[in-house]
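Written below as structure tokens is the structure these notes are about.
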Amino acid sequence: MKKSRRSFLKAAGVSALGIGVAPAIQAVASSGSTPAALAAKTKHPEALTAHRWGMVIDTSKITDEVAENIVHACRKAHNVPDLNHEPDPEKYPKTRPVNHNQEVKWIWEEHFESAFPDKEDEFLAERFKELPFLVTCNHCKNAPCVQACPTQATFKREDGIVLMDFHRCIGCRFCMAACPFGSRSFNFRDPRPFIEEINPDFPTRSKGVVEKCNLCAERLAKGLQPACADVSEGAIVVGDLEDPNSEVRELLNEKYSIRRKQELGTEPSVYYIM
Amino acid sequence: MSKNAIIAGLAAFVIAALFPFWFNLGGTDAAPEPELSAKAKAAGKCVLDKYDMRANHMSLLDEWRDAVVRDADRKYDAANGKQFQMSLSTGEDSCLGCHEDKEKFCDKCHTYASVDPYCWECHTTPKEINQ
Numbered sequence: 001m002k003k004s005r006r007s008f009l010k011a012a013g014v015s016a017l018g019i020g021v022a023p024a025i026q027a028v029a030s031s032g033s034t035p036a037a038l039a040a041k042t043k044h045p046e047a048l049t050a051h052r053w054g055m056v057i058d059t060s061k062i063t064d065e066v067a068e069n070i071v072h073a074c075r076k077a078h079n080v081p082d083l084n085h086e087p088d089p090e091k092y093p094k095t096r097p098v099n100h101n102q103e104v105k106w107i108w109e110e111h112f113e114s115a116f117p118d119k120e121d122e123f124l125a126e127r128f129k130e131l132p133f134l135v136t137c138n139h140c141k142n143a144p145c146v147q148a149c150p151t152q153a154t155f156k157r158e159d160g161i162v163l164m165d166f167h168r169c170i171g172c173r174f175c176m177a178a179c180p181f182g183s184r185s186f187n188f189r190d191p192r193p194f195i196e197e198i199n200p201d202f203p204t205r206s207k208g209v210v211e212k213c214n215l216c217a218e219r220l221a222k223g224l225q226p227a228c229a230d231v232s233e234g235a236i237v238v239g240d241l242e243d244p245n246s247e248v249r250e251l252l253n254e255k256y257s258i259r260r261k262q263e264l265g266t267e268p269s270v271y272y273i274m
Numbered sequence: 275m276s277k278n279a280i281i282a283g284l285a286a287f288v289i290a291a292l293f294p295f296w297f298n299l300g301g302t303d304a305a306p307e308p309e310l311s312a313k314a315k316a317a318g319k320c321v322l323d324k325y326d327m328r329a330n331h332m333s334l335l336d337e338w339r340d341a342v343v344r345d346a347d348r349k350y351d352a353a354n355g356k357q358f359q360m361s362l363s364t365g366e367d368s369c370l371g372c373h374e375d376k377e378k379f380c381d382k383c384h385t386y387a388s389v390d391p392y393c394w395e396c397h398t399t400p401k402e403i404n405q
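The listed protein sequences derive, respectively, from chains A and B. Counted the way the working numbering counts, the first sequence spans residues 1 to 274. Counted the way the working numbering counts, the second sequence spans residues 275 to 405.
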């Protein structure tokens with residue numbers, strides 16, 4: 001059989017076109033029909049959202065009792081271990097003796113001079129020296145822990161929450177070195193024996209993982225206020241810092257507030273009304 | 275001359291190389307069937323169909339984890355029309371909410387296949403809490 005150059009080029013052109021187009025057609029044809037593509041992942045309609053979550057703590061409303069309730073509520077909500085808790089010998093027979101200086105902290109009480117070392121003063125009002133100041137992760141706008149994390153286990157969510165993916169944490173503790181607020185704790189041992197009562201609604205952590213406050217992301221997703229705000233009797237308000245009409249912005253408008261270690265430029269999202 | 279030695283050597287090599295095959299001939303147990311809880315049986319449908327689930331549940335869980343932690347999406351509208359909470363162990367419509375017994379459902383196959391996922395170092399099961 002003889003073929004002219006023209007007919008050969010024609011055939012070659014058509015087949016080249018066919019080879020190029022086939023994968024595209026296949027992709028379009030199959031994309032609509034796989035189960036995974038038909039499924040949708042969405043937020044619950046009742047979920048609370050914000051452009052940048054922030055917290056306002058009214059220091060005048062925090063008494064010792066309120067502070068204790070808040071810390072306790074947070075521990076319970078997130079299965080935060082208490083290394084001073086005596087483990088149940090039946091359930092955990094092989095638990096080694098514990099170093100009671102170890103701590104795992106999400107929200108905790110601090111004295112003024114430790115919470116605001118730059119604002120300490122010889123003639124500071126007496127009442128500030130006695131008041132319990134609640135400190136926690138500041139969910140900084142420029143979070144140094146996020147920059148330090150080599151695995152992106154710590155990251156900044158779109159709504160401003162500095163969150164951890166515990167699955168991904170390799171326990172290098174760069175974030176702990178980077179955080180100027182000491183808001184992160186490392187699990188030097190399996191935390192489970194030291195949890196008084198395990199809350200089934202939140203996982204525990206495992207040995208070798210860092211943890212910190214998550215601004216109750218799991219509660220916000222269900223339309224609930226964070227656990228600390230819930231039991232604070234109005235002392236803690238959580239809301240959208242970017243929304244000028246939000247409760248937090250109104251509070252900040254009315255009263256004088258300070259933030260921790262502002263001079264470092266991490267832009268904390270936790271404000272203290274004095 | 276050396277023909278016999280070569281053939282004997284070859285035979286020994288073939289037998290040795292096929293050791294895993296003939297060693298396991300007839301001696302293996304049948305793969306276990308995961309036991310469905312009454313609740314799972316009543317529900318009828320899972321997130322994906324049975325065989326897809328068997329093959330791909332690990333990548334589904336991986337996808338779910340990223341969606342929940344990174345994007346704050348927690349609701350899953352499955353292709354079969356059912357809705358789920360994208361969670362392994364918390365809440366009624368999570369995995370464990372339906373497949374209540376981890377030992378009979380997860381562990382049965384995982385143990386058989388020598389798979390040791392570390393989900394349960396952090397995620398809790400109701401049984402474990404109440405024991």
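Heads up, the beta-carbon is just placed ideally off N, CA and C, and yes, glycines get one too. Please read these numbers as outputs of a predicted model, since none were measured by experiment.
In its own chain, which residues sit with a C-beta less than 6 angstroms from the C-beta of T154 of chain A, not counting the 5 before and 5 after it? Here residue 154 of chain A refers to the residue found at position 154 of the first sequence. C145, V146, M164, C175, listed in sequence order.
Cβ-based burial, H100 of chain A [other Cβ within 10 Å; buried from 16]: On the first sequence, residue 100 of chain A is found 100 positions in, with the first residue counted as 1. H100 of chain A comes out exposed.
Assuming D240 of chain A is part of the beta strand (DSSP E), what are its boundary residues? On the first sequence, position 240 is the one that residue 240 of chain A refers to. Taken as a continuous stretch (DSSP letters only), the beta strand (DSSP E) holding D240 of chain A covers 236-240.
Chain A within 9 angstroms of T385 of chain B, Cβ atoms only: For this step, residue 385 of chain B is matched to residue 111 along the second sequence. No, because no Cβ of chain A sits closer than 9 angstroms to the Cβ of T385 of chain B.
Take the Cβ of N278 of chain B as the centre, count every other Cβ of all protein chains shown within 10 Å, and call the residue buried at 16 or more, exposed below. Your numbering for residue 278 of chain B matches position 4 in the second sequence. N278 of chain B should be labelled exposed.
Extent of the continuous alpha helix (DSSP H) run through I289 of chain B: In the second sequence, the residue the question calls residue 289 of chain B occupies position 15. Residues 277-291.
Restricting to runs no shorter than 3 residues, where is the beta strand (DSSP E) found entirely within the region 49-114 of chain A? 53-58, 107-110
From K41 of chain A to K324 of chain B, what distance separates their C-alpha atoms? As a position in the first sequence, residue 41 of chain A is number 41, starting the count at 1. As a position in the second sequence, residue 324 of chain B is number 50, starting the count at 1. Cα to Cα, the separation comes out at about 21 angstroms.
What residues in the region 179-210 of chain A have a beta carbon less than 9 angstroms from any beta carbon of chain B? D190, R192, E197, I198, N199, P200, D201, F202, P203, T204, R205, S206, K207, V209
Anticipated Cβ contact below 8 angstroms, H51 of chain A with E247 of chain A, distance rounded: Residue numbering aside, residue 51 of chain A sits at position 51 when the first sequence is read from its first letter. Residue numbering aside, residue 247 of chain A sits at position 247 when the first sequence is read from its first letter. With a Cβ gap of about 15 angstroms, H51 of chain A and E247 of chain A do not count as contacting.
For V162 of chain A: DSSP bridge partner residues: Taking the first sequence and counting its residues from 1, the one referred to as residue 162 of chain A is at position 162. Beta-bridge pairing links V162 of chain A to A:K156.
Beta-carbon separation of P268 of chain A and N79 of chain A under 9 angstroms? Your numbering for residue 268 of chain A matches position 268 in the first sequence. Your numbering for residue 79 of chain A matches position 79 in the first sequence. No.
Would you say S311 of chain B faces chain A, with C-beta separation under 9 angstroms as the test? Numbered from 1 along the second sequence, position 37 holds the residue referred to as residue 311 of chain B. Judged by the 9 angstroms Cβ criterion, S311 of chain B is not in contact with chain A.
Beta-carbon proximity check, P132 of chain A vs D64 of chain A, cutoff 9 angstroms: In the first sequence, counting from the first residue as 1, residue 132 of chain A sits at position 132. In the first sequence, counting from the first residue as 1, residue 64 of chain A sits at position 64. A contact, by the Cβ cut-off of 9 angstroms.
Going by beta carbon distance, what residues of the same chain come within less than 7 angstroms of P81 of chain A, once the five residues before and after it are set aside? Residue mapping note: residue 81 of chain A aligns to position 81 of the first sequence, counting from 1. Here the set comprises V104, P191, F194, I195.
Inter-residue Cα distance where the pair is T95 of chain A and R189 of chain A: Walking along the first sequence from the start, residue 95 of chain A turns up at place 95. Walking along the first sequence from the start, residue 189 of chain A turns up at place 189. One C-alpha to the other measures close to 10 angstroms.
So is S33 of chain A buried or exposed if we call it buried at 16+ other beta carbons inside 10 Å? Sequence index remark: in the first sequence, residue 33 of chain A carries index 33 (1-based). Legend: pLDDT at S33 of chain A = 48, less than 50; position of this residue unreliable, value from coordinates given subsequently. Flag for S33 of chain A reads exposed.
I'd like to know whether the C-beta of S388 of chain B is nearer than 9 angstroms to at least one C-beta of chain A. Along the second sequence, one-based indexing puts residue 388 of chain B at 114. Answer no: the Cβ-Cβ gap between S388 of chain B and chain A never drops below 9 angstroms.
What residues from chain B crowd round H167 of chain A, counting only those whose CB sits closer than 7 angstroms? Numbered from its first residue, the first sequence carries residue 167 of chain A at position 167. Correct list: R339.
Whole-angstrom Cβ separation of K349 of chain B and K319 of chain B, contact assumed at under 8 angstroms? For the purposes of this step, residue 349 of chain B is taken as the residue at position 75 of the second sequence. For the purposes of this step, residue 319 of chain B is taken as the residue at position 45 of the second sequence. The C-beta separation of K349 of chain B from K319 of chain B comes to about 17 angstroms, leaving the pair out of contact by the 8 angstroms criterion.
Chain A within 9 angstroms of G318 of chain B, Cβ atoms only: In the second sequence, counting from the first residue as 1, residue 318 of chain B sits at position 44. So, not an interface residue.
Just grab the DSSP bridge partners of A40 of chain A for me. As a position in the first sequence, residue 40 of chain A is number 40, starting the count at 1. Answer by DSSP bridge pairing, in chain order: B:D351.
With distances taken Cα to Cα, identify the nearest neighbour of E374 of chain B among B:W296, B:A316, B:V389, B:T385. Counted from its first residue, the second sequence places residue 374 of chain B at position 100. Ranked by how close their Cα comes to the Cα of E374 of chain B, the residues B:W296, B:A316, B:V389, B:T385 have B:A316 in first place.
Distance cutoff 9 angstroms, beta carbons only. Does D347 of chain B sit that close to anything in chain A? By one-based count along the second sequence, residue 347 of chain B stands at place 73. Yes, because at least one Cβ of chain A sits closer than 9 angstroms to the Cβ of D347 of chain B.
Can you list the residues of chain B that A221 of chain A reaches, using a CB-CB cut of under 7 angstroms? Along the first sequence, read from residue 1 onward, the residue named residue 221 of chain A stands at position 221. Result: A346, R348.
Reduced DSSP category for E126 of chain A - H, G, I as helix; E, B as strand; rest coil: Counting from one through the first sequence, the residue named residue 126 of chain A turns up at place 126. It is helical.
Could you please tell me which residues of the region 349-360 of chain B, in chain order, have their CB closer than 8 angstroms to any CB of chain A? K349, Y350, D351, A352, A353, N354, M360
Collapsed DSSP secondary structure at Q359 of chain B in the structure displayed: Residue 359 of chain B sits at position 85 when you count from the first residue of the second sequence. DSSP places Q359 of chain B in strand when its eight states are reduced to three.
Within the region 293-337 of chain B, ranges of the alpha helix (DSSP H) (whole runs, at least 4 residues): Contiguous alpha helix (DSSP H) elements confined to the region 293-337 of chain B occur at 293-297, 312-317, taking only those with 4 or more residues.
Which residues mark the beginning and the end of the beta strand (DSSP E) in which L251 of chain A is found? Position 251 of the first sequence, counted from the first residue, corresponds to residue 251 of chain A. In the DSSP annotation of this structure, L251 of chain A is not part of any beta strand (DSSP E); the continuous alpha helix (DSSP H) holding it starts and ends at 247-254.
State yes or no: is the C-beta of A67 of chain A within less than 9 angstroms of the C-beta of R260 of chain A? To locate residue 67 of chain A, count along the first sequence from 1; it is residue 67. To locate residue 260 of chain A, count along the first sequence from 1; it is residue 260. Cβ distance not < 9 angstroms, so A67 of chain A and R260 of chain A don't count as in contact.
Chain B residues whose Cβ lies nearer than 9 angstroms to that of A227 of chain A: Working through the first sequence from its first residue, we reach residue 227 of chain A at position 227. Under the 9 angstroms cutoff, chain B gives no residues; its nearest Cβ is about 15 angstroms from A227 of chain A.
Within-9 angstroms CB hit, P400 of chain B to chain A: Within the second sequence, the letter at position 126 stands for residue 400 of chain B. Taking Cβ atoms only, chain A reaches closer than 9 angstroms to P400 of chain B, which makes this a yes.
State yes or no: is the beta carbon of C369 of chain B nearer than 9 angstroms to at least one beta carbon in chain A? Counted from its first residue, the second sequence places residue 369 of chain B at position 95. So no, C369 of chain B is outside the interface.
Chain-ordered chain A contacts of S363 of chain B [CB-CB under 8 angstroms]: As a first step, residue 363 of chain B must be located in the second sequence, where it is residue number 89. By Cβ distance, chain A contributes P200, P203.
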